[in-house]
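Trainee: In this note's numbering, the protein residues as written are 58 to 140. The beta carbon of each residue, even a glycine, is placed where N, CA and C say it ideally should be.
#1: Tell me the DSSP secondary structure of residue 69 in three-state form.
#2: Among the residues of its own chain, which have a CB less than 7 Å from the CB of residue 97, if the five just before and after it don't count?
#3: Please say whether residue 69 and residue 128 have beta carbons closer to each other than 8 Å?
#4: Please work out which residues of its chain come closer than 7 Å, Cβ to Cβ, to residue 100, disregarding the five sequence neighbours upstream and downstream, and give them in chain order.
#5: So, residue 137 versus residue 63, is the Cβ gap smaller than 8 Å?
#6: Looking only at its chain, what residues have a beta carbon closer than 8 Å to the beta carbon of residue 79, apart from the 5 residues adjacent to it on each side?
#7: Assign residue 96 to one of three DSSP states: helix, strand, or coil.
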């Protein structure tokens with residue numbers, strides 16, 4: 058699985074689950090998901106569950122830091138580091 062594919066899977070999931078499928082709001086890979094209110098602290102935990110299942114990885118407690126979930130790129134980098 059390429060980093061680009063991982064990025065697209067994450068982006069698609071965020072659009073469906075957190076933007077309720079609203080594709081009119083562009084989601085940039087470097088956009089701050091937390092500051093812009095796309096995802097909140099509860100959303101981070103549901104996102105962790107998704108990426109663990111989708112990519113067959115384990116997110117360690119020390120990985121649960123805001124900087125790892127700040128943007129689609131940050132999440133992608135976390136996933137790639139665990140594959």
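Mentor: On the basis of the coordinates in this document:
#1: Note: residue 69 maps to helix in three-state DSSP.
#2: For residue 97, same chain residues with a beta-carbon under 7 Å away, outside a window of 5 residues either side, do not exist.
#3: 8 Å or more divides the Cβ of residue 128 from the Cβ of residue 69.
#4: Answer for residue 100: 75, listed in chain order.
#5: Result yes, Cβ atoms of residue 137 and residue 63 sit closer than 8 Å.
#6: For residue 79, the CB contacts under 8 Å within the same chain, skipping 5 residues up- and downstream, are 72 in chain order.
#7: When secondary structure is reduced to three states using DSSP, residue 96 falls in the coil class, being assigned neither helix nor strand.
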